[in-house]
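Novice: Quick one: the structure is below, questions incoming.
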Amino acid sequence: MLSRTADHLYWMSRYLERAANLARMIDAHQRLALLPRQPEAVLQGWHATLISLGMDSAYEARYGAVTPRNAFNFLAFDRDHPGSLLQCLRSARENARAVRGTITSDMWETLNETYLDSASFNTSMPESARGDFLEWVKYRAHLTRGITSGTLLRDEASHFTHIGTFLERADNTTRMLEARWRDPGGRGERLLEDASEWAVLLRAMSAFEVYRRLYRDSVTPLRVTQMLLMRQDLPQGVHRCLAELQANLAAVANEQSAETLRRVGELHAQFQFGRFEELCAEGVTTFLDRFQGRLRDLGGRIANDFLVPSGTY
Amino acid sequence: MPVPYDEMLDPAGAPRAHCRPYYGWLREQPAEQLARKRTEADALFHRLGITFAVYGENEGTERLIPFDIVPRILPAHEWQRLEAGLKQRVRALNAFLADVYHEQRILKARLVPPEQILCNPQYRPEMQGVRLPGGIYSHIAGVDVVRDHDGNFCVLEDNLRVPSGVSYMLENRRMMMRLFPELFARNAVEPVEHYPDVLHENLKSVAPAGATDPTVVLLTPGAYNSAYFEHAFLAQQMGIELVEGQDLFVRDAALYMRTTRGPERVDVVYRRIDDDFLDPLTFRADSTLGVPGLLTAYRAGHVSIANAIGTGIADDKSIYPYVPDMVRFYLDEEPLLNNVPTWVLRREKEREHVLAHLPDLVVKEVHGAGGYGMLIGPAASRAQIEEFRGRIHAHPERYIAQPTLALSTSPTLVAQGLAPRHIDLRPFVLSGREVTVVPGGLTRVALTEGSLVVNSSQGGGTKDTWVLGPDWSQARDETL
Numbered sequence: 062m063l064s065r066t067a068d069h070l071y072w073m074s075r076y077l078e079r080a081a082n083l084a085r086m087i088d089a090h091q092r093l094a095l096l097p098r099q100p101e102a103v104l105q106g107w108h109a110t111l112i113s114l115g116m117d118s119a120y121e122a123r124y125g126a127v128t129p130r131n132a133f134n135f136l137a138f139d140r141d142h143p144g145s146l147l148q149c150l151r152s153a154r155e156n157a158r159a160v161r162g163t164i165t166s167d168m169w170e171t172l173n174e175t176y177l178d179s180a181s182f183n184t185s186m187p188e189s190a191r192g193d194f195l196e197w198v199k200y201r202a203h204l205t206r207g208i209t210s211g212t213l214l215r216d217e218a219s220h221f222t223h224i225g226t227f228l229e230r231a232d233n234t235t236r237m238l239e240a241r242w243r244d245p246g247g248r249g250e251r252l253l254e255d256a257s258e259w260a261v262l263l264r265a266m267s268a269f270e271v272y273r274r275l276y277r278d279s280v281t282p283l284r285v286t287q288m289l290l291m292r293q294d295l296p297q298g299v300h301r302c303l304a305e306l307q308a309n310l311a312a313v314a315n316e317q318s319a320e321t322l323r324r325v326g327e328l329h330a331q332f333q334f335g336r337f338e339e340l341c342a343e344g345v346t347t348f349l350d351r352f353q354g355r356l357r358d359l360g361g362r363i364a365n366d367f368l369v370p371s372g373t374y
Numbered sequence: 286m287p288v289p290y291d292e293m294l295d296p297a298g299a300p301r302a303h304c305r306p307y308y309g310w311l312r313e314q315p316a317e318q319l320a321r322k323r324t325e326a327d328a329l330f331h332r333l334g335i336t337f338a339v340y341g342e343n344e345g346t347e348r349l350i351p352f353d354i355v356p357r358i359l360p361a362h363e364w365q366r367l368e369a370g371l372k373q374r375v376r377a378l379n380a381f382l383a384d385v386y387h388e389q390r391i392l393k394a395r396l397v398p399p400e401q402i403l404c405n406p407q408y409r410p411e412m413q414g415v416r417l418p419g420g421i422y423s424h425i426a427g428v429d430v431v432r433d434h435d436g437n438f439c440v441l442e443d444n445l446r447v448p449s450g451v452s453y454m455l456e457n458r459r460m461m462m463r464l465f466p467e468l469f470a471r472n473a474v475e476p477v478e479h480y481p482d483v484l485h486e487n488l489k490s491v492a493p494a495g496a497t498d499p500t501v502v503l504l505t506p507g508a509y510n511s512a513y514f515e516h517a518f519l520a521q522q523m524g525i526e527l528v529e530g531q532d533l534f535v536r537d538a539a540l541y542m543r544t545t546r547g548p549e550r551v552d553v554v555y556r557r558i559d560d561d562f563l564d565p566l567t568f569r570a571d572s573t574l575g576v577p578g579l580l581t582a583y584r585a586g587h588v589s590i591a592n593a594i595g596t597g598i599a600d601d602k603s604i605y606p607y608v609p610d611m612v613r614f615y616l617d618e619e620p621l622l623n624n625v626p627t628w629v630l631r632r633e634k635e636r637e638h639v640l641a642h643l644p645d646l647v648v649k650e651v652h653g654a655g656g657y658g659m660l661i662g663p664a665a666s667r668a669q670i671e672e673f674r675g676r677i678h679a680h681p682e683r684y685i686a687q688p689t690l691a692l693s694t695s696p697t698l699v700a701q702g703l704a705p706r707h708i709d710l711r712p713f714v715l716s717g718r719e720v721t722v723v724p725g726g727l728t729r730v731a732l733t734e735g736s737l738v739v740n741s742s743q744g745g746g747t748k749d750t751w752v753l754g755p756d757w758s759q760a761r762d763e764t765l
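Residue numbers (our numbering), protein chains in the order written: chain A, 62 to 374; chain B, 286 to 765.
Below, the structure written as structure tokens:
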């Protein structure tokens, strides 16, 4: 496969995954707004999300102080920030357009239609329709993933699509956790409130029923974190994402990718054989930060080994 | 100007014999139904992404080439004559190119003045003496054909470099089948969908000797080119890689593409970028679209390029008047397809005639393309005509002139309902082991009333082109 084609497939799936998870993060705030919380805590919650996404300074430059409506508009609709939800949908489509001959026409038409229909959503949307918008984004992502799994040949194209999806999902799951841990409302002292706030995160990630089945116990920050990091069988979980990443990278291995494979294997092993308590011994957010750094390293190495090879030719 | 020939209706307004079944059906369709089908077609084209991206000021706008739901219909016997003429013409043009870049017999015979060739910017001295597989230069030719007021076909222009539009021929047919399946059961329309297969076979057949299972790629300028949809579409239909210049590199006079598993050899390049941009080491040094060293690999015979470099010398407007002579010279046959009558302004007598009749004529710059650099006498102001007169006096060799043609018309669905609009036809002639024309081509239509400019860059639209099967024509002859 052409390296450039692999590059577009990888970014197509990363942007799509990012759009879906961004919808979930915003959705969590919509749900939190229904809980009896201090106005102060609501604003701090949005701020925590902006920080964990690395989009806080861009927000401040644009809007100044945090308000729920501006934060929603920025994360969902901002046409000038490449990290906004609409821009992610657009980037997914632009990458798909560059490889429309490699993906199936069903995939292309779905991504294209998502992009065309997204033009009707903007900052003038009334409050009441905003939840439907987030649902729509999740639905389009589900649809696209379904069509991909139902029609795309299981060759390199499929591997690079998966590599993008799982690298992005591992990253996004840790950011959703990080945002909750950074939210001063969620310090674990006020158990009752915490329980409902962490339940909101689970619901936003479509993982609440799974939690009940696995734990049959009250919702606590540490249990939720452990589940989202360590469960090998949870599709949204970091452990699962690393297993998929490792398998797909092994399937496309080439002459220069040995070190990348070693590093992803090493990272995977932490989750496979490590103890949750030891991984987070220096604090959950410290661990999450360090982990995101290692994902960035992997992303850079994947680009060098497969996507934009230079020098060696 | 004479009354134009209408392709569907005779001068009395009755449908021509081969159009009767379609026209009968068309008359039964309520206006709202047709309008709804047209809206449906637009929505489908958008969803399929068969659009021009317009980047810049108005973020995210994408344009469609307007599609008309009324087809242009050709009966079998007319098509057979046209097809034979097209094949003959392209054979002669390829023979001319091979001759120009080798023996130059036609120059020695004084049929074409040598300076017309050797001093022409389209002549590529780099190609002199280079041997090409099969001796083919223009593997894909798009020959623009119009019909005069008597309904005779004549050639307006040969496009031998990187002709485009074939994806619209294919997508228009798919769209018609989706919108009006019942019509295809009633009319025996010759299929066109095998075009990509024929093209792929032809491209493989011209691979360098020794490439047993040749790798063919399609070279595109990239996703922001206005014809990108067509490039992606053809690559997908042929099952070949769609590459950009940055994906390719030359090592030891051989061409490779960069893949996730390392370099992979490329044998044939179906290029959709102009000669000037192909190799910055030989042509335009500032080109980032091409591949440094490609010409070296090409000249060494290690890679084939379709169309060949240097084909522009045969479709240049200054060479066009000589094509009928080429047919006689190389094939020893009489041309089956005529040129549009053309005055060559380099010749004094013809120039005098043209200068005396400028308001009635069309004057074309020999190196212009896409409807630019052109004077349409009847539509021009006095000042424009005088401006051209001055330009012709200064550089007569840069111009040719033709009568203003009454291009044929076809009923077309416009805002006011069905109305005649001028059309042309671009059939695609493929040369490999043999010369093939898929029945039909791209019909372009000038949507503005009275306009003769069909180019999509200037607001033209397209129609599906039907060639009816011979069986149907026979049945028709029996019933008549």
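Using N, Cα and C, we set each Cβ at its ideal position, and we do this for glycine too.
Leaving out five residues before and five after residue 638 of chain B in sequence, what residues of the same chain have Cβ atoms less than 6 angstroms from its Cβ?
Specialist: So no residue of the chain qualifies.
Novice: Below 7 angstroms between beta carbons: does that hold for residue 239 of chain A and residue 113 of chain A?
Specialist: It is a contact, given that the beta carbons lie within the stated cut-off.
Novice: Could you check whether residue 361 of chain B and residue 660 of chain B sit closer than 7 angstroms to each other, using their CB atoms as the reference points?
Specialist: Taking 7 angstroms as the Cβ cut-off, residue 660 of chain B and residue 361 of chain B do not qualify as a contacting pair.
Novice: Determine the DSSP secondary structure at residue 166 of chain A, reduced to helix, strand or coil.
Specialist: DSSP places residue 166 of chain A in helix when its eight states are reduced to three.
Novice: Just checking my contact of residue 289 of chain A with residue 234 of chain A at CB under 8 angstroms: how many whole Å lie between their CB atoms?
Specialist: With 8 angstroms as the limit, residue 289 of chain A and residue 234 of chain A qualify as a contact, their Cβ atoms being about 6 angstroms apart.
Novice: Residue 214 of chain A to residue 265 of chain A, Cα distance in whole Å?
Specialist: Residue 214 of chain A and residue 265 of chain A: Cα-Cα distance of roughly 31 angstroms.
Novice: Using only alpha-carbon positions, find the residue among A:332, A:314, A:257 that is nearest to residue 224 of chain A.
Specialist: Taking only the C-alpha atoms, the option nearest residue 224 of chain A is A:314.
Novice: Report yes or no: do the stretch 321–332 of chain A and the stretch 299–310 of chain A share at least 3 C-beta pairs separated by less than 8 angstroms?
Specialist: Touching, yes, given that three or more Cβ pairs across the two stretches are closer than 8 angstroms.
Novice: Please list the terminal residues of the continuous beta strand (DSSP E) segment that includes residue 747 of chain B.
Specialist: Run containing residue 747 of chain B: 745–752, per the beta strand (DSSP E) assignment.
Novice: Measure how close the beta-carbons of residue 689 of chain B and residue 663 of chain B come, nearest whole angstrom, since I'm counting them as under 8 angstroms.
Specialist: 5 angstroms between Cβ atoms; contact.
Novice: If I measure Cβ to Cβ from residue 360 of chain A and keep anything under 7 angstroms in the same chain, skipping five residues before and after, which residues do I get?
Specialist: Closer than 7 angstroms at Cβ, skipping near neighbours: 228.
Novice: Check the Cβ-Cβ distances between residue 159 of chain A and every residue of chain B, and say whether any is below 7 angstroms.
Specialist: Interface residue, yes.
Novice: Listed in chain order, which residues of the stretch 150–182 of chain A have Cβ atoms closer than 7 angstroms to some Cβ of chain B?
Specialist: Those residues of the stretch 150–182 of chain A that come within reach of chain B (Cβ to Cβ, closer than 7 angstroms) are 158, 159, 161, 162, 169, 170, 173, 174, 177, 180.
Novice: Hey, out of A:269, A:176, A:358, whose CA is closest to residue 80 of chain A's CA?
Specialist: Answer by Cα proximity: A:176.
Novice: Closest to residue 237 of chain A by CA distance: which of A:203, A:275, A:299 is it?
Specialist: Among A:203, A:275, A:299, the Cα nearest to that of residue 237 of chain A belongs to A:299.
Novice: Secondary structure at residue 116 of chain A, three-state DSSP: helix, strand or coil?
Specialist: Looking at residue 116 of chain A - three-state DSSP - the assignment turns out to be coil, as it is neither helix nor strand.
Novice: Residues in the stretch 580–610 of chain B with C-beta within 8 angstroms of chain A's C-beta atoms, listed in sequence order?
Specialist: Here the close residues number zero.
Novice: Tell me which residues of the stretch 515–532 of chain B have at least one Cβ-Cβ distance to chain A shorter than 8 angstroms, keeping chain order.
Specialist: Against chain A - using a Cβ distance shorter than 8 angstroms - the residues of the stretch 515–532 of chain B are 517, 518, 520, 521, 526, 527, 528, 529, 531, 532.
Novice: How many Å lie between residue 515 of chain B and residue 450 of chain B at the Cα?
Specialist: Cα-Cα distance, rounded: 7 angstroms.
Novice: What is the DSSP secondary structure of residue 687 of chain B, reduced to helix, strand or coil?
Specialist: Reduced to three states, the DSSP call for residue 687 of chain B is strand.
Novice: Show which residues of chain A have a CB atom less than 7 angstroms away from the CB atom of residue 578 of chain B.
Specialist: Neighbours of residue 578 of chain B on chain A: none; closest Cβ ~13 angstroms, over 7 angstroms.
Novice: Tell me whether the beta-carbon of residue 346 of chain A lies closer than 7 angstroms to the beta-carbon of residue 259 of chain A.
Specialist: No, the Cβ-Cβ distance between residue 346 of chain A and residue 259 of chain A is not below 7 angstroms.
Novice: For residue 475 of chain B, which of helix, strand or coil comes out of DSSP?
Specialist: Here residue 475 of chain B sits in coil by DSSP.
Novice: In terms of DSSP beta bridges, what is residue 589 of chain B paired with?
Specialist: Answer by DSSP bridge pairing, in chain order: B:553.
Novice: Taking Cβ positions only, does residue 62 of chain A come closer than 7 angstroms to chain B?
Specialist: Yes - at least one Cβ of chain B is within 7 angstroms of the one on residue 62 of chain A.
Novice: Which same chain residues end up closer than 6 angstroms to residue 594 of chain B when comparing Cβ atoms and leaving out the 5 residues on each side of it in sequence?
Specialist: Taken in chain order, the residues that qualify are 409, 412, 560.
Novice: Once DSSP output is grouped into helix, strand and coil, what is the label at residue 666 of chain B?
Specialist: In this structure, residue 666 of chain B counts as coil in the three-state DSSP scheme.
Novice: Is the Cβ-Cβ distance between residue 431 of chain B and residue 441 of chain B less than 7 angstroms?
Specialist: Contact flag set, yes.
Novice: Between which two residues does the beta strand (DSSP E) holding residue 452 of chain B run?
Specialist: From DSSP, residue 452 of chain B is part of no beta strand (DSSP E) but of the alpha helix (DSSP H) over 451–464.
Novice: Can you tell me the Cα-Cα spacing of residue 520 of chain B and residue 491 of chain B, whole angstroms?
Specialist: Near 17 angstroms, if we compare the C-alpha coordinates of residue 491 of chain B and residue 520 of chain B.
Novice: Going by CA-CA distance only, name the one from B:737, B:722, B:718, B:540 that's closest to residue 709 of chain B.
Specialist: Of B:737, B:722, B:718, B:540, the residue nearest in Cα terms is B:737.
Novice: Could you give the DSSP three-state label for residue 388 of chain B: helix, strand or coil?
Specialist: The answer is coil: DSSP assigns residue 388 of chain B none of H, G, I, E or B.
Novice: Taking C-beta to C-beta, are residue 136 of chain A and residue 179 of chain A nearer than 7 angstroms?
Specialist: Not closer than 7 angstroms, so no.
Novice: Does DSSP put residue 303 of chain B in a helix, in a strand, or in coil?
Specialist: Residue state, collapsed to three classes: helix.
Novice: Which same chain residues end up closer than 8 angstroms to residue 63 of chain A when comparing Cβ atoms and leaving out the 5 residues on each side of it in sequence?
Specialist: Cβ neighbours of residue 63 of chain A beyond the five flanking positions: none.
Novice: From the DSSP output, in three-state form, read off residue 565 of chain B for me.
Specialist: Reduced to three states, the DSSP call for residue 565 of chain B is coil.
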